[in-house]
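For the sequence shown, this note's numbering assigns the number 6 to the initial residue and increments by one for each residue that follows. Ideal placement from N, C-alpha and C gives every residue a C-beta, glycine not left out. One structure below.
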Amino acid sequence: MAATELSFYDRISDALANPDGQLAIAAGARAKYDNRARAMSEFPNMEITRDRARSIRAHTLSQLDKFLAEFADNVEALGGHIFWAKDAQECNQYINEIARAKDVQLVAKAKSMLTEEISLNQSLETSGIDVVETDLGEFIVQLSGDKPSHIIAPILHMTREDVGNVFKEKLNVPFSDDPATLNAIARAHMREIFLKADMGISGVNFGVSESGAICLVTNEGNGRLISTAPRIHVAVMGMERLVPTLADLSIMLQLLARSATGQKLSVYSNILCGPRRKNEYDGPEELHIVILDNGRSEILGSTLSEILYCIRCGACLNACPVFHSIGGHAYGSVYPGPVGSVLSPLLFGDPWNPLPHASSLCGACKEVCPVDIDLPGLLLKSRSQQIVKGKSPLWMRLSQWVYAITSCNPILFGLALRSGQVVSRLLANDGWFTTLPGPLQGWSIHRDFPALAQKSFRQLWDKPSQD
């Protein structure tokens, strides 16, 4: 994934300058947060199930090589093809080769964050292949030339009027902001795509090791259509997206639906086992499953490996006060929010290093995570590792160095305190700072700060009151 031209802080400024977008994001995320809370309150033994789900993820990742081998063997026994892709380039190259060999002209694509991660659409389009997103939100994003702003709800930042204008401009239909009308327009357009597509591409919510099955979860039915109507189905799966058994899958699906959308179960939970067999009337002629590493094996061996427990429900985004304020686009990553703040620097490198600092560490993300990932702890570890590796900003390294020298020397520390008191008296206005200098300026935009006390705690301690 390529870095954007704007810095993280510039993207934040752009987001804050768009009040309509902010309102749409905050309202949408809050509604999803409330829906999740309602669904979880009706779920018996929720905490026990959550602990069980975490144990499943931990157990799977602790023996990932074994479960991957079992999964691959079972897929091939069912007639499917397995390709192990080291990185985005290998994955895109393999899918392009299949498309060329099979004379694919049109690809119908289901929602997949992993294919966003590797820029698969752009790769296929460069080869002259038409790619159409069939998830409604992703379809609107594609038409508008925008990017998704949420893991689950790609157009969380858009209003109904925005969608109506996109359809009017790109599909040459009369303007409407009625959701039913907009859905009908999209459905009519999609139906033709499903019937004409030579290849369907999807992600994989979960692969099941014991059977070689893959599970696709959708609410619109497009996953079922793109995996059965085209003659070729390509499923791109992150190497960590496995569960050992179907019983484990049932636990994950219960938590995924409730955490993502507040539903008891998603409308369509498709379990696919290989390509079409002899005497079967539907299903693809070929099934190719690409198992993608793209940096995950390196994360697996690190102190941040817990982030691979993530099942991409988006609950942490809906709970995060920072995400509510700046939205998904400000992160500049396919993975925004708390989970993206940990994952993006690991997958995409140094340009995403500011993201772990975009957190108040309030812990709301951990409270709602269906597999109980310690996201605040991982964010702190990520910040710490940046400092140890010398990857924090220069001003931060210098200020920490100055503070370390000063705080370890009583004389320097005393001088700093007295200097601060003098400056405070000179610059404060009636005992308050209305603005702060340099990098501290952002703290004083919406609040005033009290001036330093005339006597420090140390001074009071050295000369206690004689009362």
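Assumed close pair S429, A456 - CB separation to whole angstroms, cut-off 8 Å: Here residue 429 corresponds to residue number 424 of the sequence shown, with the count starting at 1. Here residue 456 corresponds to residue number 451 of the sequence shown, with the count starting at 1. With 8 Å as the limit, S429 and A456 qualify as a contact, their Cβ atoms being about 4 Å apart.
Closest residue to R101 among N79, G395 and S132 (Cα-Cα distance): Along the sequence shown, read from residue 1 onward, the residue named residue 101 stands at position 96. Looking at the sequence provided, one finds Asn at residue 101 rather than Arg. If we check each option's Cα against that of N101, S132 comes out closest.
Same chain, Cβ closer than 7 Å to G228, five either side skipped, listed in chain order: Mapped onto the sequence shown, residue 228 falls at position 223. A115, S207, L221, Y273 and N275, listed in sequence order.
Whether T250 touches S214 by CB criterion (9 Å): The count along the sequence shown starts at 1 and reaches residue 250 at position 245. The count along the sequence shown starts at 1 and reaches residue 214 at position 209. Cβ atoms of T250 and S214: closer than 9 Å.
Sequence-distant residues of the same chain with beta carbon closer than 6 Å to G436, five excluded per side: Translated into positions along the sequence shown, residue 436 becomes position 431. So the qualifying residues of the chain are A456.
Uninterrupted alpha helix (DSSP H) stretches inside the stretch 41-107 (no shorter than 4 residues): 51-67, 69-82 and 93-106
Start-to-end residues for the alpha helix (DSSP H) that takes in D253: Counting from 1 along the sequence shown, the entry for residue 253 is found at position 248. Counting along the chain, the alpha helix (DSSP H) containing D253 begins and ends at L251 to T266.
Neighbourhood of S216 by C-beta distance below 7 Å, restricted to the same chain and skipping five residues each side: Here the question's residue 216 lines up with position 211 in the sequence shown. N79, L251 and C278, listed in sequence order.
Supposed close pair A93, M204 - CB separation, criterion 8 Å: In the sequence shown, counting from the first residue as 1, residue 93 sits at position 88. In the sequence shown, counting from the first residue as 1, residue 204 sits at position 199. Their Cβ separation, rounded to whole angstroms, is 19 Å, which puts A93 and M204 out of contact at 8 Å.
Residues near V178 by beta carbon distance below 7 Å, same chain, minus five either side: Sequence index remark: in the sequence shown, residue 178 carries index 173 (1-based). Correct list, in chain order: F172 and I190.
For H155 and M118, the rounded distance between their alpha carbons: The residue you call residue 118 lines up with position 113 of the sequence shown. The residue you call residue 155 lines up with position 150 of the sequence shown. Approximately 10 Å between the Cα atoms of the pair.
When V248, N40 and E10 are compared against Y5, the one with the closest alpha-carbon: Residue 5 lies beyond the range of the chain shown here (6 to 472); nothing can be said about it.
Backbone CA spacing between L230 and G368 [nearest angstrom]: To locate residue 230, count along the sequence shown from 1; it is residue 225. To locate residue 368, count along the sequence shown from 1; it is residue 363. Answer to the nearest angstrom: the Cα atoms are 39 Å apart.
Straight-line Cα distance separating N358 from P153: Position 148 of the sequence shown, counting from 1, holds the residue named residue 153. Position 353 of the sequence shown, counting from 1, holds the residue named residue 358. When rounded, the distance between both Cα atoms is 21 Å.
Own chain partners of R281 with C-beta closer than 8 Å, once the 5 adjacent residues on each side are dropped: Within the sequence shown, residue 281 is the residue found at index 276, counting from 1. Excluding positions up to five away in sequence, the list reads D287, G288, P289 and E290.
Stretch pair the stretch 249-268 + the stretch 45-54: three plus CB contacts closer than 8 Å: yes
Proximity test, F438 beta-carbon vs the ligand FAD heavy atom, cut-off 8 Å: By its list of ligands, the structure shown contains no ligand whatsoever, and the ligand FAD lies outside what it can speak to.
Selection from G169, S181 and E81 that minimises the alpha carbon distance to I145: By 1-based counting over the sequence shown, the position of residue 145 is 140. Ranking G169, S181 and E81 by Cα distance to I145 puts G169 first.
Exposure label - R41; buried when at least 16 CB within 10 Å: As a first step, residue 41 must be located in the sequence shown, where it is residue number 36. Buried: at least 16 other Cβ atoms inside 10 Å.
A82 classed as buried or exposed, judged by whether at least 16 other C-beta atoms fall within 10 angstroms: As a first step, residue 82 is located in the sequence shown; it is residue number 77 there, counting from the start. The residue is exposed, with fewer than 16 neighbouring Cβ atoms inside 10 Å.
Own chain, CB closer than 6 Å to A185, minus 5 neighbours either side, in chain order: Position 180 of the sequence shown, counted from the start, is the residue given in the question as residue 185. So the list is empty, once near-sequence residues are dropped.
Supposed contact pair L111 and A202 - C-beta distance, whole angstroms, cut 8 Å: Position 197 of the sequence shown, counted from the first residue, corresponds to residue 202. Position 106 of the sequence shown, counted from the first residue, corresponds to residue 111. Their Cβ separation, rounded to whole angstroms, is 5 Å, which keeps A202 and L111 in contact under 8 Å.
Local conformation of N210 per DSSP, three classes: As a first step, residue 210 is located in the sequence shown; it is residue number 205 there, counting from the start. N210: coil per DSSP, three-state reduction.
Per-residue burial, A158 [other beta carbons within 10 Å of its own, 16 or more giving buried]: On the sequence shown, residue 158 is found 153 positions in, with the first residue counted as 1. Buried: at least 16 other Cβ atoms inside 10 Å.
Minimum C-alpha distance to S330 - residue among L352, A20, S12 and L11: The sequence position of residue 330 within the sequence shown is 325, counting from 1. Checked all of L352, A20, S12 and L11; the closest Cα to S330 is A20.
Cβ shell of E372 (< 8 Å), same chain only, five flanking positions each side left out: Against the sequence shown, residue 372 aligns to sequence position 367. Taken in chain order, the residues that qualify are A324.
When G267, G85, P341 and H238 are compared against F13, the one with the closest alpha-carbon: Position 8 of the sequence shown, counted from the start, is the residue given in the question as residue 13. When each option's Cα is compared against that of F13, the closest is P341.
Cβ neighbour criterion (16 or more within 10 Å) applied to I416: To locate residue 416, count along the sequence shown from 1; it is residue 411. Flag for I416 reads exposed.
M163, DSSP secondary structure in three states: By 1-based counting over the sequence shown, the position of residue 163 is 158. Correct three-state label for M163: coil.
Beta-carbon spacing of L351, S307 below 9 Å: Locating residue 351 in the sequence shown gives position 346, counting from the first residue. Locating residue 307 in the sequence shown gives position 302, counting from the first residue. Yes, Cβ-Cβ distance for L351 and S307 is below 9 Å.
Burial state of A44, where buried means 16 or more other Cβ atoms lie within 10 Å: Within the sequence shown, the letter at position 39 stands for residue 44. Counting Cβ neighbours within 10 Å, A44 comes out buried, since at least 16 surround it.
Host alpha helix (DSSP H) of Y14 (start-end): The sequence position of residue 14 within the sequence shown is 9, counting from 1. F13 to L21 is the span of the alpha helix (DSSP H), which, as asked, contains Y14.
Sheet register partners of D3 (DSSP bridge): Nothing can be reported for residue 3: it is not among the residues displayed for the chain, which extend from 6 to 472.
Distance between H64 and M242 (C-alpha atoms, nearest Å): Reading the sequence shown from its first residue, position 237 is the one you call residue 242. Reading the sequence shown from its first residue, position 59 is the one you call residue 64. Taking the straight line joining both Cα atoms gives about 19 Å.
Same chain, Cβ closer than 7 Å to I17, five either side skipped, listed in chain order: As a first step, residue 17 is located in the sequence shown; it is residue number 12 there, counting from the start. Result list for I17: I331 and A335, in chain order.
Neighbourhood of D472 by C-beta distance below 7 Å, restricted to the same chain and skipping five residues each side: Sequence index remark: in the sequence shown, residue 472 carries index 467 (1-based). Its pLDDT being 48, under 50, D472 is placed unreliably in this model, and the value from its coordinates should be taken loosely. Taken in chain order, the list of residues that qualify is empty.
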